[in-house]
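Notes follow the structure.
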Amino acid sequence: AEPRITLRYAHCCPADQAFGIYAHDFADRVATLSNGEIAVEVLDGGVMGSEQATAQKVQLGVVQMAGITSNNVAQLAPSLNVLVLPYMTSSVDQLTGEGGLLRAGPYRDELAKRVLDESGSLKVVGGYTNSFRSLFAKDKCIDELADLQGLKIRAPKNPVMTAMWDAWGVSTYPIAWSETYGAVAQGVVDAFDSPTDVILKMGFYEHIKYITEATYLPMAGVVIANNDWLEGLDEADRTVILKAADEADKAHAAWVKKVGAEVRGALKDDHGVTFCELKDPEEWQSRARGAWPELYKLVGGGKDWVDATVTYLETGEVK
Amino acid sequence: MTFVVVFAVCLFLGVPIFAVLGVPSLIELLLSPIPLASLAHSLYEGVDKFPLLAIPCFVLAGAVMARAGITEDIIAVMRRVVGRTHGGLAIVTILSCMFFAAISGSGPGTVAAVGTLLIPAMVQDGYRKDFAAAVTSSGGTLGILLPPSNPMIVYGVLASVSIGDLFLAGIVPGLLMGTLLIGVAYLLSLRAGFRGAGAAFELRDFGKALYAAKFSLATPFIVLGGIYAGIFTPVEASVVAVLYALLVGVVIKRRVGLTAIWDSLSEASAICGGLVVIMGTAVFFGEFLALNQIPQQIAASLLTVTTDAVLMLFLLAAILIVLGTFMETLSTVIILTPILLPLVTRLGVDPIHFGILLVVTSEIGFLTPPLGVNLFVACSISGLKLEQISRQVLPFILTIAAGLVVLILWPQISLSILSLK
Amino acid sequence: MRLTRLFSLLDRFEEVVANLALASLVLILAAQVFFRYVLQTGITWSEEVSRFCFVWFVYISASLAAQKGRHIRVTVATPLIPGGERVALLLADAIWAAFNLFVVVAGILLIRRMIAHPVYSTALFLPLVYVYAVIPLAHALMTLRVVQRQWEAWRRGGSVLVEEVEIDRGKDGAP
Ligand code: NA
Ligand code: NA
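Quick look at the structure:
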């Protein structure tokens, strides 16, 4: 039969990548839970524009839902910038595990409330993470803060990254992403950071032989829905959407762990890449967190919201 | 269906292209529950794209270079190269167009820069005026195939492919097309008995001319060299082009002052005003196509004709050439990229290769009436009528079409340079 | 006449704003190139601010282009319309002006929304409403131009195209 409700869900990326996996899994679950009465039409590959533009399209109601990297929704809802403070979280579980910041629960309810207030019409209904940024080096293990000194490191220039590297006493080279491969190959830079799977997918392993999974900054994706549309649904239909998102959140977190292990295995076994461990993670963390005060102004709700988030991570309570 | 009718009515009534793209999508929007405010958001989003900044910068650089006398220098050197051979000045014209193409991203802009000086010179040397105008119009098409190129920038943005790679992929086809055009110009001149009155080639004179023009000749090497060496992004290169043109014009040749700079800015604003704005409504248009799955439907119907990649490219090239007779280049690229690209990539065509083919069909569009912009420019320089030039330009169109066939059959002509990177 | 004076002031305004926006984006990007290649460090805000200058440049110069009759049209079929080119282009410009007015309304609606729920830029955290404001502004100016050119054309007894495609297009390059 024809579906009674059709909703459009947009995201940035190909269907077989982390964002696309979530989108299609969510669509399947909605179809199953609603007996085919609600259809999710997934718009893959960023056809609605950049992530920031797509977020605005959900806000305006051009599309009903989207899965978007949190910092690209933060221009509409600055509260989300709390997720990109360096070392706010330092494991995938703190984001998407049981009780994680993006898993349905008291913290995410509070986050969703703030996002709705700030944006006027965005409701956070789900969340996922791809992985954290890892450090990649050509010639040696980066296993303590001192190793960064003297390295030529490529890093994007944005306020958060700049504050973080400054706190570690390192100045970086702002090479465009498209030129990074060439710069690494020619030795213009000898280190950079990005999610680990980039090394495998883009063939960087030819030149990058050492990876440190330092977990200072996650790639956090939030699933947003246009609140006016969501509120306009019947109670039962809305429940289907929310339930499907919860299920998709859990399934995606399991998928990320499985894929992460496969990527690490392939890099180690097929390409001879060495994985390095930090000897002084506390030092990295305390220095990076020292940069927070200059970043409070970027976060909606400022220091109070940052403190509330830290408290939740430590105690499991939302003030 | 209404969508198509409204589009066609607006188009043929003479509504500016940017509104032609907006009106049918606006009607769809008003009939849907989507709020009107999203129209303004799409128009913003459509032009808020960093790579597009290269377009006004390259236009501005061209405007400053004209005032700095860089074009004159280039032509002076080319005249020494060819000397007295049959069709000498015609060859000079195409060589100058090729050289100028390496600093300009526009076809008509190249015709204007080179033609203003060389059409009168050819007439003086005994060439028929309509032939002179046709040679310049044809040479000018290389302005968009040899990098930098405005249509490539727009295509790169819409297709999410590297503009630097597109620029690189245009070099060999551009040189090939230039060589073919020189060959035709030579043969036609031979038959008509056009002969240069220039001095015979002498190494010393050539060396002198080369030295005198050194700063001007360095321009493309600085601008494009920076891109190819991976030093600059295309946007940065366009800014470097402006700065270098200012350096030559203000400091070295002392021909450019504040008034000339202001005039160059005004010229760039006037030229770009009607162009880049199309990106805004094009994105709005593209969103409605995407929401209604129209590219998929068009693809499905084209796929019933053929599923062979090469045949499909020939089919699309034919469609594009027909559209190019009455559609403007940049608008065609903007409208068709979101529709055709998913189709050809599904058949395994490299998006960069397709971009080059799109640019070559646009070259033909520059030369085909009723809307052949290069012909318009040549008309206004030479004072001839469109029909007079159109007849003379036919052999050149056929040459570019032959070049297009070669490029379709051998993608490696465009692509193999990318593996050298 | 007062109206003529108002229009010539507007002409000047559009040209000055477009030129300054273009000059600023060139200067900002020049600074970016200098910082990156000479000082080996980046500026966090240069890309963002140059994009904002560009958006203003695009829309204000689009209004300038309407004033100078430089928008790109397909005019193959216009002579075939009953009443000829003059009538076809009058209808075309009526459609164009109507579209522009919808954009003005859409722009005002969006801006009202952005005042209630601000949208911020990534690097400098600027309220983007100031950049978006160019859309209703420029389309309002453009509508004025469309009407102005049509009025002048009918008084003169020709179509708006007379100085449009053949003559103006000839002097310099479209793409
Ligand atoms: Na060019
Ligand atoms: Na044409």
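Chains as they are written, first to last, in the numbering used here: chain V, 1 to 319; chain D, 1001 to 1421; chain C, 2001 to 2175.
The beta-carbon is built from N, C-alpha and C at its ideal position, and this holds for glycine as well.
Query: Cβ-heavy atom distance, Leu1371(D) to ligand 2, below 7 Å; Result: yes
Query: Start-to-end residues for the beta strand (DSSP E) that takes in Glu2048(C); Result: From DSSP, Glu2048(C) is part of no beta strand (DSSP E) but of the alpha helix (DSSP H) over 2046–2068.
Query: Pro174(V) in three-state terms, based on DSSP; Result: coil
Query: Ala1112(D) versus Ser1264(D) - alpha carbon distance; Result: 15 Å
Query: With 16 other Cβ atoms within 10 Å as the buried cut-off, status of Pro1472(D); Result: The question about residue 1472(D) has no answer here: the residues shown for chain D are numbered 1001 through 1421.
Query: Per DSSP, the bridge partner or partners of Cys276(V); Result: Thr212(V)
Query: Backbone CA spacing between Met2142(C) and Phe2013(C) [nearest angstrom]; Result: 13 Å
Query: Three CB pairs or more closer than 8 Å across the stretch 17–36 of chain V and the stretch 252–271 of chain V; Result: yes
Query: Residues that DSSP places opposite Leu7(V) in a beta bridge; Result: Val40(V)
Query: Residue from Val1172(D), Tyr1155(D), Arg1195(D), Leu1043(D) with nearest C-alpha to Gly1403(D); Result: Val1172(D)
Query: Inter-residue spacing [alpha-carbon to alpha-carbon] between Phe1284(D) and Cys1272(D); Result: 20 Å
Query: Within-8 Å CB hit, Val62(V) to chain D; Result: yes
Query: Pro218(V) (DSSP reduced to helix, strand or coil); Result: strand
Query: Per-residue contacts from Gly120(V) into chain C (C-beta, under 9 Å); Result: Arg2113, Ala2116, His2117
Query: Cβ-Cβ distance between Tyr322(V) and Met164(V) below 8 Å; Result: As shown, chain V starts at 1 and ends at 319. That puts residue 322(V) outside it, with no answer to give.
Query: CA-to-CA distance, Leu1175(D) to Arg103(V), given in whole angstroms; Result: 58 Å
Query: Under the three-state DSSP convention, the category Ser1419(D) falls into; Result: helix
Query: Where the alpha helix (DSSP H) containing Ile1261(D) begins and where it ends; Result: 1258–1273
Query: Selected residue, minimal CA-CA separation from Asp1308(D), among Gly1286(D), Lys1385(D), Ile1334(D), Val1344(D); Result: Val1344(D)
Query: The beta strand (DSSP E) enclosing Thr129(V), as first and last residue numbers; Result: 122–137
Query: Near-chain C residues of the stretch 155–189 of chain V - C-beta to any C-beta below 7 Å; Result: Lys157, Asn158, Pro159, Thr162, Ser171, Tyr173, Pro174
Query: Segment contact flag, the stretch 1003–1022 of chain D with the stretch 2070–2081 of chain C, C-beta cutoff 8 Å, min 3 pairs; Result: yes
Query: Status (buried if at least 16 other CB within 10 Å, exposed otherwise) for Glu1363(D); Result: buried
Query: Val1154(D): contacting residues in chain V (beta-carbon distance under 8 Å); Result: The premise fails here: Val1154(D) is roughly 15 Å from chain V at the closest Cβ pair, so nothing lies under 8 Å.
Query: Cβ-heavy atom distance, Ala1102(D) to ligand 1, below 7 Å; Result: yes
Query: Cβ-Cβ separation, Ile1408(D) to Phe1314(D) (assumed contact under 8 Å), whole Å; Result: 6 Å
Query: Segments of 3+ residues assigned as beta strand (DSSP E) that fall wholly inside the stretch 14–62 of chain V; Result: 38–43
Query: Contact test: Gly2083(C) Cβ vs ligand 1 heavy atom, cutoff 7 Å; Result: no
Query: Backbone CA spacing between Gly120(V) and Ile5(V) [nearest angstrom]; Result: 24 Å
Query: C-beta contact flag for Leu1217(D) and Ile1074(D) at 8 Å; Result: yes
Query: Contacts that Met48(V) makes with chain D (C-beta to C-beta distance below 8 Å); Result: Glu1287, Ala1290
Query: Partners in chain V for Glu1045(D), counting only beta-carbon separations shorter than 8 Å; Result: Gly49, Ser50, Ala53, Gln56
Query: Closer than 7 Å: Gly997(D) CB and nearest ligand 1 heavy atom; Result: Outside the displayed span of chain D (1001 to 1421) sits residue 997(D), for which this structure offers no information.
Query: In chain order, each alpha helix (DSSP H) run of at least 4 residues that lies wholly inside the stretch 147–207 of chain V; Result: 159–167, 177–185, 197–201
Query: Close-in-space but distant-in-sequence residues of the same chain around Lys1253(D) (CB under 8 Å, 5 per side omitted); Result: Ala1068, Gly1069, Phe1215
Query: CB contact below 8 Å: Leu267(V) versus chain D; Result: no
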